[in-house]
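> There's a structure below that I have some questions on.
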Amino acid sequence: MTNRINKSRSKKDILFGLGLIFFSLILTVLTTEAVIKFFSPIAGFESLMTHNTKDWSRSDIFLNNKITRPSRTLGYEWLPNAKSGWMKTNSLGMLDKERIKFKPDGAYRIICLGDSTTANSDYVKILEGLLNKNKNPEKFEVWNCAVTGYGAIQYSRALEEKWMQYNPDMVIVGFCLNDFVSTPLVTMEQNTLVGYFPHREILPNVSPFLLKHSALYRFAIMRIFFLKNKNYEDYYKDIVEATRHHIQKMRKLCLTSETRFLIVILGITRRFEDCDPYLRRSYAEIKEIITECNIESLDTVPVFQKNDPESLMLSDELHFNRRGNEIVADEIYRYLTQND
Numbered sequence: 001m002t003n004r005i006n007k008s009r010s011k012k013d014i015l016f017g018l019g020l021i022f023f024s025l026i027l028t029v030l031t032t033e034a035v036i037k038f039f040s041p042i043a044g045f046e047s048l049m050t051h052n053t054k055d056w057s058r059s060d061i062f063l064n065n066k067i068t069r070p071s072r073t074l075g076y077e078w079l080p081n082a083k084s085g086w087m088k089t090n091s092l093g094m095l096d097k098e099r100i101k102f103k104p105d106g107a108y109r110i111i112c113l114g115d116s117t118t119a120n121s122d123y124v125k126i127l128e129g130l131l132n133k134n135k136n137p138e139k140f141e142v143w144n145c146a147v148t149g150y151g152a153i154q155y156s157r158a159l160e161e162k163w164m165q166y167n168p169d170m171v172i173v174g175f176c177l178n179d180f181v182s183t184p185l186v187t188m189e190q191n192t193l194v195g196y197f198p199h200r201e202i203l204p205n206v207s208p209f210l211l212k213h214s215a216l217y218r219f220a221i222m223r224i225f226f227l228k229n230k231n232y233e234d235y236y237k238d239i240v241e242a243t244r245h246h247i248q249k250m251r252k253l254c255l256t257s258e259t260r261f262l263i264v265i266l267g268i269t270r271r272f273e274d275c276d277p278y279l280r281r282s283y284a285e286i287k288e289i290i291t292e293c294n295i296e297s298l299d300t301v302p303v304f305q306k307n308d309p310e311s312l313m314l315s316d317e318l319h320f321n322r323r324g325n326e327i328v329a330d331e332i333y334r335y336l337t338q339n340d
């Protein structure tokens, strides 16, 4: 009888001790949270970010919760079957006409990835028309899988998570010279999606919710991810290396499935010597990555330079008008027909 009582007391003592440890840990965490929030200069959510979309004059185009939704690994993505202004998505979540998942016999399916210079442009549609010229029925499918505001990291993740399942014969990346960017964290604020761009690539390694609401969590993430970035040069090297990694990942993914992989460097609508120095540096970096990784590529920058680049401008030096779209489509068509 005494042994049973002792065993019962022993179990209660163990449970009491465990409970005491648990509550002590909770109290320690809460106290540390309060201290860091009060004293730490990095307690603010936006202090970890280079910029956010709160004050973008056209942020509704980039992060509009009528047509986009948060994504754990992509930052955000198009909603299927959604419409907002002139933008309309199909059932697969593309700014494109309706596409069928099953690839018909004899069809050649091309997946096009990119940012707004592809998503909001016509060169994908024009290219599909050129490839199907004099073909009945149509043989070539050229899907516009681009998403406004994406960078190379998101191209890689979207290709692996979404688009390879549709058995493409070819993947074309419309590489814009501002694609050396980190993947944004996206949160809902007052019924609006807001994107925050971290100094380094951190998705899917962190929780956007905790990063936004916990000073202790932000403190830990700062120490883990951001200590290296003491200046812009460190930041730039980080994003170039991240881009290199994800471009190699796309190439390997395509090689494994015997899918052709092509990077098209999209032209700029300003004289090269007059454009933003960042774009000139990005141009040199992507050319170097393509060479080092032995990636099939097409460079349309020299073509734009020969065609009065300012006359091809739509809104800025990266976005081109209808004539610019025709030039890109013609160049890709010519390259594909000459390099079958």
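In our numbering, the protein residues as written are 1 to 340. Every residue, glycine too, gets a C-beta built ideally from N, C-alpha and C. These numbers were taken from a predicted model, which means no experiment stands behind them.
Can you pull the DSSP bridge partners for D353?
Residue coverage of the chain in this structure runs from 1 to 340, which leaves residue 353 outside it and unanswerable.
> Kindly list the residues whose CB is nearer than 7 Å to the CB of E138, restricted to its own chain and excluding five residues on each side of it in sequence; keep chain order.
If we look at E138 and ignore the five residues flanking it on each side, its Cβ neighbours are N132.
> Let me check understanding here. Comparing Cα to Cα, which of I247, L211 and H245 lies closest to E33?
Among I247, L211 and H245, the Cα nearest to that of E33 belongs to L211.
> I295 and F272: beta carbons closer than 8 Å?
In this structure, F272 does not lie closer than 8 Å to I295 by Cβ.
> Leaving out the 5 sequence neighbours to the left and right, which residues in its chain are closer than 7 Å to M87 when beta-carbon positions are compared?
Closer than 7 Å at Cβ, skipping near neighbours: I67 and L95.
> Pull up the distance between the alpha-carbon of Y217 and that of R323, whole angstroms please.
About 49 Å.
> For the ligand ADP, I want to know if A34 counts as a neighbour, meaning its beta carbon is within less than 7 Å of at least one of the ligand's heavy atoms.
No copy of the ligand ADP appears in this structure; indeed no ligand is present at all.
> Work out the CA separation of Y155 and D308 for me, nearest whole Å.
Approximately 30 Å, taken between the alpha carbons.
> Quickly, what does DSSP pair G174 with across the bridge? List them, please.
Per DSSP, G114 and V264.
> Provide the residue(s) that pair with H51 in DSSP beta bridges, ordered along the chain.
Per DSSP, F197.
> Given a cut-off of 8 Å, decide if I263 and L279 are closer than it, judged by their beta-carbon atoms.
It is not a contact, given that the beta carbons lie outside the stated cut-off.
> Does the count of Cβ pairs from the region 177-193 and the region 142-155 closer than 8 Å reach three?
Yes: at least three Cβ pairs fall under 8 Å.
> Per DSSP, Y108 forms a beta bridge with which residues?
DSSP lists F140 as partners of Y108.
> Going by beta carbon distance, what residues of the same chain come within less than 8 Å of Q305, once the five residues before and after it are set aside?
Excluding sequence neighbours, Q305 sits near G267, R271 and F272.
> Can you give the beta carbon distance from Y196 to E292, rounded, assuming they're within the 8 Å contact cut?
Not quite, the Cβ-Cβ distance comes to about 31 Å (not below 8 Å), so this is no contact.
> If you check the beta carbons only, do A284 and Y123 fall under 8 Å apart?
No, Cβ-Cβ distance for A284 and Y123 is not below 8 Å.
> Provide the residue span of the beta strand (DSSP E) that contains S156, from first to last.
Premise fails: S156 lies in the alpha helix (DSSP H), A152 to A158, not in any beta strand (DSSP E).
> Report the rounded CA-to-CA distance for P302 versus N65, giving the unit in angstroms.
Roughly 38 Å between the two C-alpha positions.
> Grab me the residues of N321's own chain with a C-beta within less than 7 Å of its C-beta, minus the 5 sequence neighbours each way, in chain order.
Counting only Cβ-Cβ distances below 7 Å, and skipping sequence neighbours, we find L312, M313 and L314.
> From this set, I36, G149 and A107, which residue's C-alpha is nearest S116's C-alpha?
For the residues I36, G149 and A107, the minimum Cα distance to S116 belongs to G149.
> For S311, name the three-state secondary structure that DSSP assigns.
The answer is helix: DSSP assigns S311 an H, G or I state.
> According to the Cβ coordinates, are F226 and R244 closer than 8 Å?
No, the pair does not count as a contact, with Cβ atoms beyond the cut-off.
> Once DSSP output is grouped into helix, strand and coil, what is the label at G44?
Here G44 sits in coil by DSSP.
> Do E128 and A107 count as a contact pair if the criterion is CB distance below 8 Å?
Cβ atoms of A107 and E128: not closer than 8 Å.
> Residues in the same chain with beta-carbon distance under 7 Å from K54, minus the five sequence neighbours each way, listed in chain order, please.
So the qualifying residues of the chain are V194.
> Using only CA atoms, which one of M164, L298 and E258 lies nearest to F361?
Since the first and last residues shown for the chain are 1 and 340, residue 361 lies out of range.
> Roughly how many angstroms lie between the CA atoms of Y333 and F175, to the nearest whole one?
Taking the straight line joining both Cα atoms gives about 17 Å.
> T89 and P168 look like a contact to me (Cβ under 8 Å); what is the Cβ gap, rounded to whole Å?
Wrong, their Cβ atoms sit about 19 Å apart, outside the cutoff.
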